[in-house]
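Protein chains: 2
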Amino acid sequence: MEEKIFDSLKLENQICFPLYAASREVVKLYRPHLDALNLTYTQYIAMMVMWEEKQCSVKELGKRLYLDSGTLTPVLKSLEQKGYVRRFRMEDDERVMLTEITDKGEELREKAKEVPPKVGCRFLLSIEDSIELYRLLYTLLGNINGKNASD
Amino acid sequence: MEEKIFDSLKLENQICFPLYAASREVVKLYRPHLDALNLTYTQYIAMMVMWEEKQCSVKELGKRLYLDSGTLTPVLKSLEQKGYVRRFRMEDDERVMLTEITDKGEELREKAKEVPPKVGCRFLLSIEDSIELYRLLYTLLGNINGKNASD
DNA sequence: TATAATTAAATTGAACTCAATTTAATTTGG
DNA sequence: CCAAATTAAATTGAGTTCAATTTAATTATA
Numbered sequence: 000m001e002e003k004i005f006d007s008l009k010l011e012n013q014i015c016f017p018l019y020a021a022s023r024e025v026v027k028l029y030r031p032h033l034d035a036l037n038l039t040y041t042q043y044i045a046m047m048v049m050w051e052e053k054q055c056s057v058k059e060l061g062k063r064l065y066l067d068s069g070t071l072t073p074v075l076k077s078l079e080q081k082g083y084v085r086r087f088r089m090e091d092d093e094r095v096m097l098t099e100i101t102d103k104g105e106e107l108r109e110k111a112k113e114v115p116p117k118v119g120c121r122f123l124l125s126i127e128d129s130i131e132l133y134r135l136l137y138t139l140l141g142n143i144n145g146k147n148a149s150d
Numbered sequence: 000m001e002e003k004i005f006d007s008l009k010l011e012n013q014i015c016f017p018l019y020a021a022s023r024e025v026v027k028l029y030r031p032h033l034d035a036l037n038l039t040y041t042q043y044i045a046m047m048v049m050w051e052e053k054q055c056s057v058k059e060l061g062k063r064l065y066l067d068s069g070t071l072t073p074v075l076k077s078l079e080q081k082g083y084v085r086r087f088r089m090e091d092d093e094r095v096m097l098t099e100i101t102d103k104g105e106e107l108r109e110k111a112k113e114v115p116p117k118v119g120c121r122f123l124l125s126i127e128d129s130i131e132l133y134r135l136l137y138t139l140l141g142n143i144n145g146k147n148a149s150d
């Protein structure tokens with residue numbers, strides 16, 4: 000009788016792959032709705048933090064979004080071009096670049112409110128499954144952070 | 000008494016954001032181990048399909064990986080450069096570009112076998128949670144595909 | 001059978017992602 | 001106080017990622 004061996008190099012036995020694929024597919028669902036706001040997904044989540052915080056350093060934003068200045072600097076410059084934020088160095092510490100939301104940025108929030116219901120991600124999973132997925136993803140993120148911190 | 004309103008524009012109320020962040024963080028865990036094989040994550044999952052299929056068209060590969068020719072063409076050219084695959088047009092239908100694994104590509108598999116245990120993703124969640132996450136991600140992927148198909 | 005429609009890859013261009021390096025400002029230790 | 005270490009952003013370069021377009025081959029149809 001042939002022994003059945005678990006092949007860790009099969010795509011279907013990976014947890015990382017469906018995570019990677021699902022992430023891109025879900026972001027893709029946002030695109031048509033974000034196009035209407037002339038925002039990319041990365042710009043959109045950066046604006047989400049700005050709508051919450053009003054003012055934020057690159058470092059803080061990076062911690063919230065799990066992104067570094069290499070990604071964020073051009074994203075924030077682009078949002079500045081569009082007039083949604085303004086950027087300036089902190090007076091007390093000139094190393095820190097602060098990003099602050101503008102009135103135009105606040106106005107964008109009203110239009111952006113329509114995005115989540117239109118994307119309708121919540122219809123892709125049952126309420127219970129969504130809650131469970133949410134819990135698992137944040138557990139995973141927390142464990143990765145904890146693991147790296149202890150390195 | 001102040002009414003508590005669910006704010007769909009808060010980062011913490013999104014399901015997409017932790018998916019996007021967790022995906023990137025988990026891929027990041029692979030990097031040091033894949034560096035040793037001189038592979039990127041995208042090249043690695045393409046090789047996974049090649050180890051399974053031996054021969055594959057760009058279209059088939061794209062269906063497996065949820066990627067299009069715009070992404071795959073340079074990835075496959077890079078794998079060809081490294082000698083892990085060879086590429087040629089299908090005789091019956093010259094539109095189809097076939098990718099075939101080489102002996103060197105097969106040899107790489109032996110080294111690659113060490114990657115999944117070294118990454119140790121399985122320690123980031125309990126067995127039960129991993130199984131549940133796996134189920135939820137594939138459900139999500141299936142529902143997105145179904146949704147788009149019916150558009 | 002010509003022509004039109006379809007299909008598969010490749011190309012192009014804009015934007016993101018990240019590691020590594022650089023620059024500038026601040027903090028720390030001698 | 002001053003040199004060394006640290007910190008925050010910006011820059012650079014390689015490699016995705018994707019929509020849109022182009023090219024070439026095949027299939028369908030009038």
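Going down the list, the protein sequences come from chains A and B. Here the first sequence is numbered in numbering that gives the first Met the number 0, starting from 0 and rising by one per residue. Here the second sequence is numbered in numbering that gives the first Met the number 0, starting from 0 and rising by one per residue. Ideal Cβ placement from N, Cα and C applies to all residues, glycine included. All values reported here derive from a predicted model rather than from experimental measurement.
(request) Using a Cβ cut-off of 8 Å, pull out every chain A residue sitting near K112/B, in sequence order please. (result) Indexing the second sequence from 1 puts residue 112/B at position 113. Within chain A, the residues near K112/B are S7, L8.
(request) Can you have a look at C89/B and say buried or exposed, based on whether 16 or more other CB atoms are within 10 angstroms of its CB? (result) As a working note, residue 89/B is residue 90 in the second sequence. Rather than Cys, the amino acid found at residue 89/B in this sequence is Met. With fewer than 16 Cβ atoms within 10 Å of its Cβ, M89/B is classed as exposed.
(request) Would you list, in chain order, the members of the region 40 to 58 of chain B that have their beta-carbon closer than 8 Å to a beta-carbon of chain A? (result) Along the region 40 to 58 of chain B, going in chain order, the ones with a CB nearer than 8 Å to a CB of chain A are Y40, I44, M47, V48, W50, E51.
(message) Can you list, in chain order, the residues of its chain with a C-beta nearer than 8 Å to that of F87/A? Leave out the 5 residues immediately preceding and following it.
(response) The count along the first sequence starts at 1 and reaches residue 87/A at position 88. Excluding positions up to five away in sequence, the list reads M96, L97, E99.
(message) Which same chain residues end up closer than 6 Å to S149/A when comparing Cβ atoms and leaving out the 5 residues on each side of it in sequence?
(response) If you number the first sequence from 1, residue 149/A lands on position 150. Only weak support is given to the placement of S149/A: the predicted model assigns it a pLDDT of 45, under 50, and the value that follows is read from those uncertain coordinates. Hits under 6 Å: none found.
(message) So F16/B contacts chain A; which residues on that side make the cut at Cβ distance below 7 Å?
(response) Here residue 16/B is taken as the residue at index 17 of the second sequence, counted from 1. Result: I44.
(request) Go to M96/A, then tell me how far its alpha helix (DSSP H) extends in each direction, as first and last residue. (result) For the purposes of this step, residue 96/A is taken as residue 97 along the first sequence, with counting starting at 1. Taken as a continuous stretch (DSSP letters only), M96/A belongs to no alpha helix (DSSP H), being part of the beta strand (DSSP E) at 96 to 100.
(request) Give me the Cα-Cα distance between K112/B and D34/A, rounded to the nearest whole angstrom. (result) Indexing the second sequence from 1 puts residue 112/B at position 113. Indexing the first sequence from 1 puts residue 34/A at position 35. In a straight line, the C-alpha of K112/B is about 42 Å away from that of D34/A.
(request) With a threshold of 16 other CB atoms inside 10 Å of the CB of P116/B, please say whether the residue is buried or exposed. (result) Sequence index remark: in the second sequence, residue 116/B carries index 117 (1-based). P116/B comes out exposed.
(message) So if I threshold CB-CB distances at 7 Å, which residues from the region 117 to 142 of chain B count as touching chain A?
(response) C120, L123, L124, D128, S129, E131, L132, Y133, L135, L136, Y137, T138, L139, L140, N142
(message) If the cut-off is 9 Å on Cβ atoms, which residues from the region 83 to 115 of chain B count as contacting chain A, listed in chain order?
(response) R108, A111, K112, V114, P115
(message) By the three-class DSSP mapping on this structure, what secondary structure does S228/B have?
(response) Absent from the model: residue 228/B. The displayed extent of chain B is 0 to 150, so no value can be given.
(request) Count the C-beta pairs between the region 14 to 21 of chain A and the region 120 to 136 of chain B that are closer than 8 Å, then say yes if the count reaches three, no if not. (result) yes
(message) Checking the sheet assignment: what are the DSSP bridge partners for S56/A?
(response) Locating residue 56/A in the first sequence gives position 57, counting from the first residue. L97/A, per the DSSP bridge assignment.
(request) Using the DSSP secondary-structure output, state which residues sit across from F16/B in a beta bridge. (result) Indexing the second sequence from 1 puts residue 16/B at position 17. Beta-bridge partners assigned by DSSP to F16/B: none are found.
(request) Flag D150/A as yes if its beta-carbon sits less than 7 Å from any beta-carbon of chain B, otherwise no. (result) Mapped onto the first sequence, residue 150/A falls at position 151. In this prediction, D150/A has a pLDDT of 43, which is less than 50 and means its spatial position is unreliable; nothing more can be read from the coordinates.
(request) Could you pull out every residue in the same chain whose Cβ sits closer than 8 Å to the Cβ of E131/B, ignoring the five residues on either side in sequence? (result) As a first step, residue 131/B must be located in the second sequence, where it is residue number 132. Counting only Cβ-Cβ distances below 8 Å, and skipping sequence neighbours, we find nothing.
(request) Just tell me which of L10/B, F16/B, L28/B has its CA closest to the CA of C15/A. (result) Residue mapping note: residue 15/A aligns to position 16 of the first sequence, counting from 1. Here the closest residue by C-alpha is L28/B.
(request) Tell me whether S149/A sits in a helix, a strand or coil according to DSSP, three-state version. (result) Here residue 149/A is taken as the residue at index 150 of the first sequence, counted from 1. Because the pLDDT at S149/A is just 45, under 50, the model does not fix this residue reliably, and the value given afterwards should be weighed accordingly. In the three-state reduction of the DSSP assignment, S149/A falls in the coil class, being assigned neither a helical nor a strand state.
(request) Taking N37/A as the reference, give the member of Q80/A, D6/A, G145/A with the closest Cα. (result) On the first sequence, position 38 is the one that residue 37/A refers to. Of Q80/A, D6/A, G145/A, the residue nearest in Cα terms is Q80/A.
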